[in-house]
Amino acid sequence: MSLLEIRDLMITFQTQRGLLPAVSGIDIEAQAGEIVGVVGESGCGKTVTALSVMGLLPDRARTSGEILLDGTDLLGLTPEEMRRTRGTRISMIFQEPMAALNPVLTVGRQLTEPLVRIMGIGESEATEQAVRMLETVHVSGARERLSAYPHQLSGGLCQRVMIAMALIRQPRLLIADEPTTALDVTIQAQILDLLRELRDRTGTAILLITHDLGVVAELCDRVYVMYAGHVMEQGNVYQIFDDPMHPYAYGLMRSMPEAGRANTGREELYSIPGTVPDLMNMPSGCPFCPRCAESGPLCREILPQLVRISKGHAVRCWKYVGTHRAHDADRTEEREGARVAR
Amino acid sequence: MIRYVLLKIFSTIPILIGVSALVFFLMNVVPGDPIAIMQRDFIDPDALERVRREMHLDDPPMVRYVRFLKGMAHGDLGYSYKMRRPVSGVIATAFPNTLKLATCAALVSWIIGIAAGVASAVKPGSFLDNALMGFSLTGISMPTFWAALVLQYIFGVLLGALPVAGFDSWKHLVLPVAVLGWGQSGIVARLTRSSLLDAMRRDYIRTARAKGLRERIVISAHALKNALLPVVTIMAIQISSLLSGSIVTESVFGIPGIGRLAIGAIHNRDMPLLQGTVLFGTFLVIAGNLIADMLYGTLDPRIRYVKD
Ligand SMILES: Nc1ncnc2c1ncn2[C@@H]1O[C@H](COP(=O)(O)OP(=O)(O)OP(=O)(O)O)[C@@H](O)[C@H]1O
Ligand SMILES: [Mg+2]
Chain V
1 MSLLEIRDLM ITFQTQRGLL PAVSGIDIEA QAGEIVGVVG ESGCGKTVTA LSVMGLLPDR
61 ARTSGEILLD GTDLLGLTPE EMRRTRGTRI SMIFQEPMAA LNPVLTVGRQ LTEPLVRIMG
121 IGESEATEQA VRMLETVHVS GARERLSAYP HQLSGGLCQR VMIAMALIRQ PRLLIADEPT
181 TALDVTIQAQ ILDLLRELRD RTGTAILLIT HDLGVVAELC DRVYVMYAGH VMEQGNVYQI
241 FDDPMHPYAY GLMRSMPEAG RANTGREELY SIPGTVPDLM NMPSGCPFCP RCAESGPLCR
301 EILPQLVRIS KGHAVRCWKY VGTHRAHDAD RTEEREGARV AR
Chain E
343 MIRYVLLKIF STIPILIGVS ALVFFLMNVV PGDPIAIMQR DFIDPDALER VRREMHLDDP
403 PMVRYVRFLK GMAHGDLGYS YKMRRPVSGV IATAFPNTLK LATCAALVSW IIGIAAGVAS
463 AVKPGSFLDN ALMGFSLTGI SMPTFWAALV LQYIFGVLLG ALPVAGFDSW KHLVLPVAVL
523 GWGQSGIVAR LTRSSLLDAM RRDYIRTARA KGLRERIVIS AHALKNALLP VVTIMAIQIS
583 SLLSGSIVTE SVFGIPGIGR LAIGAIHNRD MPLLQGTVLF GTFLVIAGNL IADMLYGTLD
643 PRIRYVKD
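Line by line, the protein sequences are chains V and E. Letter 32 of the first sequence, counting from 1, is numbered 32 in our numbering, and no numbers are missing. Count along the second sequence from 1, add 342, and you get the number used in our numbering.
Right, here's the structure in full:
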């Protein structure tokens, strides 16, 4: 059984303009110890998906489907049960580490807080744990940092503190929503290294949300490519990067500055023409259709199923229907396959 | 920090001088003569002229003002025409009454204001929120004298439960504290509400929830600590203005405090006393602002950092 299994998750917001389908039936899995990437353009529903796993969506969001963590459906939990799950079994870190820490509380206080307030550990023991945790995330002078306020730390340090805070109760799953987007490049690399190291050491699974394909290539084992609330393609990093099949995934790859290739500046970066559709007025067929160079009449009418290409690799595009089997038909087989592959 | 405070204290001197000048010259353009009012029945013009000379009231205003400033520099606020006692002594007798009223009103308004603000912010748009904010708005917008009269009528006249005037027992405090506290708590409640709502939208609240903290702790330990920063500032300014005397409340309820001194001084053209009460009030407001400033600095680590 997977650690995390999201099945047919739909998230709808009630807004003044009407119902907004932010996520329209996605399936995402993560095994223990796996780093799973979720990529896609701004507004495709990445953060909302993460917040639904944490049970932190605002009240006006309606959710359906299943979010299984170790077999328990998180969507079926009471708010109190969900609160107990947060921080212990799943944790989350955010995009703006500086803003994510409370400006008027010391780092030490914020680190020890869950230990003292929820687990009832004594102050001094909690402080020792906090120091050890800060050392684990390579914060130098850990003990002295405890009395610092967030504004006295750099963005990178704040993110390390956030990671320490998220992992202090050894959760099985860490959700990282754009953890490096707000940081500069060298710090980004250090934080990514740290995440990989922590995964290797503790076996915590990481759901890494980003719009940066470089980060995905660097860190992830498997990838989901999302577009307008749908998973368009999924596979392991090699399948997705070496052999992107969906026109959207393909476009994303082309729009990525390639680290390996000597970029002389002659070659202009590719960008996918057009803009993300308004979620309020979604086209009835494939949401990518208006921007797709290869779309046909069918694409405008009906959204295709995920089609299995090879083991673990699936794509939602009419181009591959018929030539390959529909994904939904052999989902169970595929899940079995994924487990055997581990 | 100490340097900052000293600097602030010194910078109040020009403000005090400015305010005193304003009061002094305004009183001079107002028609009416303290001597004439003091001795309404005593209309021998020669005698009036003599008293005027004795009190140096025939000097030009500029001369009198400079004399007044000189006295103030020595801590001497002058002599009340009406009471025939030093102004500082008159203020010192009246102040305990104002102090009692102000502290009670402030405590009531803070406790009720913060509680109401938090209750509103926790469920914005709810019935409770609307009811509390309506109550606050009423308190803020209702004229004090009118609120006082209504409460006096209901509790004093109709129910006969509370005394309507005087200042002898705790019962005498209830109505004036209710009147002052209502308006002041309205301000605190509305500010607490908006400030807390703003704090609840911040990223660090999401972080606190992501840790699995109880909502009660998320609000009290994380949101409120940030939200109360501006509220504390308002509270310090509130208490200082309450301490400088509530003219209307003290008059309506017949409380012998600073506010009533001031209004009496105006009626009697008792210049030294009026100046004394106004300067006293100015000083308190400045002190209140200074305290608010320092409190803000100690409560908000970001500000402390900048100042050191
Ligand atoms: N609280 C909310 N109320 C209404 N709509 C919302 C709310 N939060 C998100 N949405 C909508 O849901 C959609 C998905 O938002 P989401 O934040 O998940 O995007 P994202 O993929 O994380 O984008 P980004 O890369 O910009 O972070 C967007 O269209 C957004 O406008
Ligand atoms: Mg996002």
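A virtual CB, placed ideally from N, CA and C, is assigned to each residue, including glycine.
Heavy atom of ligand 2 within 7 Å of residue i beta-carbon
i: V/Glu178; result: yes
i: V/Thr49; result: no
i: V/Lys46; result: yes
Own chain residues within Cβ distance below 6 Å of residue i, not counting five before or after
i: V/Met133; result: Ala164, Ile168
i: V/Gly260; result: Note that V/Gly260 scores 46 on pLDDT, short of 50, meaning its location in the model is unreliable; the coordinates nonetheless yield the value given after this. Excluding positions up to five away in sequence, the list is empty.
i: V/Ala262; result: Because the pLDDT of V/Ala262 is 48, which lies under 50, any placement of that residue in the model is unreliable, and the number read from its coordinates should be weighed accordingly. Within the same chain, V/Ala262 has no close Cβ partners at all.
i: V/Gly251; result: Ile272
i: V/Thr49; result: Val23
Any non-hydrogen atom of ligand 1 closer than 7 Å to residue i Cβ
i: V/Gly40; result: yes
i: V/Ala22; result: yes
i: V/Phe94; result: no
i: V/Phe13; result: yes
i: V/Gly43; result: yes
i: V/Leu213; result: no
i: V/Leu56; result: no
i: V/Leu279; result: yes
Per-residue burial, residue i [other beta carbons within 10 Å of its own, 16 or more giving buried]
i: E/Phe352; result: exposed
i: V/Glu113; result: buried
i: V/Thr47; result: buried
i: E/Leu621; result: buried
i: V/Gly45; result: buried
i: V/Arg316; result: buried
i: E/Val432; result: buried
i: E/Ala607; result: buried
i: E/Ile496; result: exposed
i: E/Phe469; result: exposed
i: V/Asp27; result: buried
i: E/Trp512; result: exposed
i: V/Asn102; result: buried
i: E/Gly630; result: buried
i: E/Lys465; result: exposed
i: V/Gly285; result: buried
i: V/Tyr238; result: exposed
i: V/Asp184; result: exposed
i: E/Lys553; result: buried
i: E/Ile344; result: exposed
Residues of its chain near residue i, where Cβ-Cβ distance is below 8 Å and the 5 sequence neighbours each way are ignored
i: E/Thr591; result: Leu443, Thr486, Ala490, Pro518, Val521, Leu522, Ile597, Gly601
Residue i: contacting residues in chain E (beta-carbon distance under 8 Å)
i: V/Ala99; result: Arg544, Asp545, Tyr546
i: V/Met165; result: Thr549, Lys553
Proximal chain V residues relative to residue i, where beta-carbon distance stays under 7 Å
i: E/Gly554; result: Arg83, Arg84, Arg86, Gly87, Thr88, Pro114, Ile118
i: E/Ile559; result: Arg117
i: E/His564; result: Asn102
Close-in-space but distant-in-sequence residues of the same chain around residue i (CB under 7 Å, 5 per side omitted)
i: V/Arg60; result: Phe13, Gln14
i: E/Ile628; result: Thr354, Ile357
i: V/Ala326; result: Note that V/Ala326 scores 48 on pLDDT, short of 50, meaning its location in the model is unreliable; the coordinates nonetheless yield the value given after this. These residues qualify, in order along the chain: Gln305, Val307.
i: E/His514; result: Pro505, Gly508
i: E/Ile633; result: Ala578
Neighbour list for residue i in chain V, Cβ cutoff strictly below 8 Å
i: E/Lys567; result: Asn102, Val104, Leu105
i: E/Pro614; result: The premise fails here: E/Pro614 is roughly 47 Å from chain V at the closest Cβ pair, so nothing lies under 8 Å.
i: E/Met398; result: Strictly speaking, residue 398 of chain E in this sequence is His, with Met absent from that position. None at all; the shortest Cβ gap to chain V is about 57 Å.
Chain E residues whose Cβ lies nearer than 9 Å to that of residue i
i: V/Phe94; result: Asp545, Arg548, Thr549, Ala552
i: V/Ser295; result: What V/Ser295 touches in chain E: nothing, since even the nearest Cβ is about 38 Å away.
Contact set between residue i and chain E, taken where Cβ atoms lie within less than 7 Å
i: V/Ser91; result: Ala552
i: V/Leu56; result: Arg548, Arg551, Ala552
Interface partners of residue i on chain V, CB under 9 Å
i: E/Asp642; result: Pro103, Val104
- [ ] Could you please tell me which residues of the segment 26–46 of chain V, in chain order, have their CB closer than 7 Å to any CB of chain B?
- [x] Included in the structure are the protein chains V and E, with no chain B among them.
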